[in-house]
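**Q**
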Amino acid sequence: MLHRYAQFVAGCTVLLLLAGSLVTSTDSGLAVPDWPTTYGWNMFTFPPAKWVGGILYEHGHRLIASGVGVLTIALAAWLWVADERRWLKWLGVAALAAVVLQGVLGGLTVLFFLPPAISTAHASLAEVFFCLTISIALFTSPGWRRQEGVVVDSRLTRFATVTTAVIYLQILIGAAMRHTDAGLAIPDFPLMFGGVIPDHWDPKIAVHFAHRVGALVVVLASALTSGYISTHHAGARRLTRPAAVLGALVIIQVALGATTILSSRNVWINSLHVVCGALVLATSIVITLRSWQAVLDRAARALSVQMGERARSKRGAVA
Amino acid sequence: MKGLLARQIYAHFQQEKFMRLRDGWVYPLGLACAISLSACGGGSSSSDSSAPASSGGGQKVDPATTGDVKGTVSLEGTAPRNEPIRMNADPVCLKENKEPQSQETFMAADGKLANVFVYVKDGLSSYSFDTPTTPATIDQKQCRYHPHVFGLQVGQPLVILNSDPTLHNIHALPKANSEFNTGQPIQGMKTNHTFTKREVMVPFKCDVHGWMNAYLGVLDHPYFAVTDASGTFELKGLPPGTYTIEAWHEKLGATTQSVTLGAKESKDVAFAFKAPAAATN
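Here the protein sequences come in this chain order: A and B. When you read off a place in the first sequence, starting at 1, and then add 108, the result is the number in the numbering used here. When you read off a place in the second sequence, starting at 1, and then add 119, the result is the number in the numbering used here.
1. Report the residues of the stretch 304-335 of chain B with a CB closer than 7 angstroms to any CB of chain A, ordered along the chain.
2. Compute the distance between the beta-carbons of residue 375 of chain B and residue 363 of chain B, then report whether it is under 8 angstroms.
3. Along chain A, which residues have their Cβ under 8 angstroms away from the Cβ of residue 298 of chain B?
4. Once DSSP output is grouped into helix, strand and coil, what is the label at residue 167 of chain A?
5. Mark residue 278 of chain A as exposed unless 16 or more other C-beta atoms lie within 10 angstroms of its C-beta, in which case mark it buried.
6. Is any beta-carbon of chain B found at less than 8 angstroms from that of residue 138 of chain A?
7. Could you spell out the range, first to last residue, of the beta strand (DSSP E) harbouring residue 359 of chain B?
8. Just to confirm the assignment, what range does the beta strand (DSSP E) spanning residue 361 of chain A have?
9. Residue 234 of chain B CB to nearest chain A CB: under 8 angstroms?
10. When you compare only the Cα positions, how much space is there between residue 296 of chain A and residue 277 of chain B?
11. Can you check which of these residues, B/295, B/329 and B/284, is closest to residue 314 of chain B by C-alpha distance?
12. Closest to residue 273 of chain B by C-alpha separation, out of B/228, B/198, B/321 and B/395, would be which residue?
13. Against chain B, with Cβ distances strictly below 8 angstroms, would residue 197 of chain A count as a contact?
14. Look at the Cβ atom of residue 371 of chain B, then the Cβ atom of residue 186 of chain B, and state whether they are nearer than 8 angstroms.
15. Residue 160 of chain A CB to nearest chain B CB: under 8 angstroms?
16. At what residues does the alpha helix (DSSP H) containing residue 250 of chain A begin and finish?
17. Can you name, in chain order, every residue of its own chain whose Cβ lies under 6 angstroms from the Cβ of residue 230 of chain A, other than the five neighbours on each side?
18. If you check the beta carbons only, do residue 383 of chain A and residue 179 of chain A fall under 8 angstroms apart?
19. Within the 8 angstroms Cβ cut-off, does residue 290 of chain B reach chain A?
20. Take residue 225 of chain A as the anchor and find which of A/373, A/266 and A/280 has the nearest alpha-carbon.
21. Let me know if residue 318 of chain B comes out buried or exposed under the rule of 16 or more other beta-carbons within 10 Å of its beta-carbon.
22. Hey, out of B/215, B/379, B/188 and B/221, whose CA is closest to residue 201 of chain B's CA?
23. May I ask you to list, following chain order, the residues of the stretch 292-314 of chain A that have a beta carbon less than 9 angstroms from some beta carbon of chain B?
24. Is it buried or exposed for residue 357 of chain A, if we count other Cβ within 10 angstroms and need 16 for buried?
25. For residue 203 of chain B, which residues from the same chain have a beta carbon less than 6 angstroms from its beta carbon, with the 5 sequence-adjacent residues on both sides left out?
26. If contact means a Cβ-Cβ distance below 7 angstroms, which residues of the stretch 350-375 of chain A contact chain B?
27. Counting pairs of Cβ atoms below 8 angstroms between the stretch 263-270 of chain A and the stretch 394-411 of chain A, do you hit three or more?
28. How would you call residue 391 of chain B, buried or exposed, if buried means at least 16 neighbouring beta carbons within 10 angstroms?
29. Excluding the 5 residues flanking residue 341 of chain B on each side, which residues of the same chain have their C-beta closer than 7 angstroms to its C-beta?
30. In chain B, which residues lie less than 7 angstroms from residue 163 of chain A when you measure between Cβ atoms?
31. Within a Cβ cutoff of 8 angstroms, which residues of the same chain sit near residue 121 of chain A, ignoring the five residues on either side of it in sequence?
32. Let's test the definition: count the other Cβ atoms within 10 Å of the Cβ of residue 228 of chain B and tell me whether it reaches 16, buried, or not, exposed.
33. Nearest-angstrom Cα distance between residue 384 of chain B and residue 226 of chain B?
34. Mapping the DSSP letters down to three states, classify residue 263 of chain B as helix, strand or coil.
35. With a 10 Å radius around its C-beta and 16 neighbouring C-beta atoms as the bar for buried, classify residue 339 of chain B as buried or exposed.
36. Pick out the complete beta strand (DSSP E) segments inside the stretch 213-258 of chain B, 3 residues or longer, and give them in chain order.
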């Protein structure tokens, strides 16, 4: 039940990511000028009749974020009460801290008129929070708890970890590109100003170029990890399934990125590109964590023994 | 209604508090982070923001010697079609505007261009001018800004009015002055603002209704005008001297001319902008 609930929270976070990306794509970030109030109203009593224009996106994002915040409080509490793994209890607390900090960053970026540094941090922390919810859903799954088909392969661990890191870095560059209004700094695709490399440069073009190069690196890293899994762990469905999903998502993501440029940043295509990027990261996280499971379980057991000993010695000291 | 107003005043107070905080230390810090992390720069429409807010103890203009500069602004070639506006994001705006709407970027008729801001860019540094107490006004009416292009003096009050039965936010994006973003959820609401530095031009936008935009020129003297439907302008009461006169258009940029004016003299100046290449085909 806890696992199902964690999956539900992760699913709601996807919706929240979509709502957030729509705010940026529609340039509605400042449609509600105050925070935490909405045009002076309490956020939850702001009349629906006034959800017009950019307010619909910004206010909708705030409400969905509040909902996810409440769900995260419940998730952290549930983990704290029902799960015996101490590290997982604290992971729930970390998710809660992340969503609170995320809300504060969202408020600050509005109050300071969307400075790129805060907006980019807000977008980047959103991905971290999403990964935390995905991780909690994975750690509470029956398969993880039963330690079914745990793979010990240090090369896979390295490939998967590097792929996840590369994807996250690419998302950071993408967020910086969105929040510095550099999404169309190079207006053509697949060429760049008619050539393979831009013939002139400015900071926006450089960020955009870095994102395109990053896409190439992500494609290569994902192909390497997925290819390695299909050749070396063909029988391990817990790896082959997310590897196949990763491959498919990366293809869709590249297509969405190209279409974003060719459609001059169509609002929905642009927003789906952001969401798909998060799904690529989440899938890679699943592969990475599964490749690390043997090590993580060992560390968790050692930690549990150590804490047990500490508790016994404390009781001994008291007696 | 009163309760709502109180909430709005509270929200404004909160915002003012944050603006002070921001101007003190958070904003410079954020700006430093932003510069180091991201790609800043690019095109700025602001072309004249370096002059001081007040010319201090300069000489006063002698009304007995002043003259006028008047003239027209033309558009050579075919004016591009203004972007159509779809107001269906807000039913109130749709109701207020029955006819199809379009942007006010190129308001040209018979080769004459309206909405061009014409002002004395240079040549008045030895003079000082009183700050007008009569406020300038920008009104949000029928989901448009009225006027679309206008000017005021440094220190002169600006009244921002919402005449619409819907809510607006007025978001000013200056470079030299402080940025502000104020919500006006109630019809008839007024907000006052004062600009402290000379700046040409300050863009305004409404983030609720993405099509709403306006431009303000903030000057430390009273010699500015906006061309009317016939493309004409007039700068009255200029003291004798040599001036750089600039004509600014939101899409076509700025062009300048030098004018030397004798005592009680009146001079005509003609500015011409070229229509964008695509529109002249």
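The beta-carbon is built from N, C-alpha and C at its ideal position, and this holds for glycine as well. Just so we're clear, the structure is a prediction, and the values are computed from it rather than from any experiment.
**A** Let me spell this out:
1. Cβ proximity to chain A below 7 angstroms picks out 304, 326, 327, 328 and 329 from the stretch 304-335 of chain B.
2. One thing to note: residue 375 of chain B has its Cβ within 8 angstroms of the Cβ of residue 363 of chain B.
3. Listed along the chain, the chain A residues whose CB falls inside 8 angstroms of the CB of residue 298 of chain B are 221.
4. Residue state, collapsed to three classes: helix.
5. Flag for residue 278 of chain A reads buried.
6. It does: the Cβ of residue 138 of chain A has a partner Cβ on chain B nearer than 8 angstroms.
7. Here residue 359 of chain B belongs to no beta strand (DSSP E), and DSSP marks it neither H nor E.
8. Element bounds for residue 361 of chain A: not the beta strand (DSSP E) but the alpha helix (DSSP H), 345-370.
9. No, residue 234 of chain B lies away from the interface with chain A (no Cβ there is under 8 angstroms from its Cβ).
10. For residue 296 of chain A and residue 277 of chain B, the distance between alpha carbons rounds to 43 angstroms.
11. The option with the nearest alpha carbon to residue 314 of chain B is B/295.
12. Out of B/228, B/198, B/321 and B/395, B/321 has the C-alpha closest to the C-alpha of residue 273 of chain B.
13. Chain B has no Cβ within less than 8 angstroms of the Cβ of residue 197 of chain A.
14. Between residue 371 of chain B and residue 186 of chain B, the gap from beta carbon to beta carbon reaches 8 angstroms or more.
15. Taking Cβ atoms only, chain B reaches closer than 8 angstroms to residue 160 of chain A, which makes this a yes.
16. Counting along the chain, the alpha helix (DSSP H) containing residue 250 of chain A begins and ends at 250-254.
17. Correct list, in chain order: 213, 214 and 217.
18. No, they are not a contact pair.
19. Closer than 8 angstroms to some Cβ of chain A, the Cβ of residue 290 of chain B qualifies, so yes.
20. The residue with the shortest Cα to Cα distance from residue 225 of chain A is A/280.
21. Counting Cβ neighbours within 10 Å, residue 318 of chain B comes out buried, since at least 16 surround it.
22. Among B/215, B/379, B/188 and B/221, the Cα nearest to that of residue 201 of chain B belongs to B/221.
23. Correct list: 293, 310, 311, 312, 313 and 314.
24. The residue is buried, with at least 16 neighbouring Cβ atoms inside 10 Å.
25. Cβ within range, chain order: 221.
26. Listed by position, the residues of the stretch 350-375 of chain A near chain B (Cβ gap below 7 angstroms) amount to none.
27. Because the criterion of three Cβ pairs below 8 angstroms is met, the stretch 263-270 of chain A and the stretch 394-411 of chain A touch.
28. Result: exposed.
29. Correct list, in chain order: 248 and 272.
30. For residue 163 of chain A, the chain B residues whose C-beta falls within less than 7 angstroms of its own C-beta are 327, listed in chain order.
31. Excluding the 5 residues flanking it on each side, residue 121 of chain A has same chain C-beta neighbours closer than 8 angstroms at 176, 237, 238 and 241, in chain order.
32. So residue 228 of chain B ends up on the exposed side.
33. Their backbone Cα atoms lie some 31 angstroms apart in a straight line.
34. Here residue 263 of chain B sits in strand by DSSP.
35. Buried, because 16 or more other Cβ atoms sit within 10 Å of the Cβ of residue 339 of chain B.
36. Correct list: 236-241.
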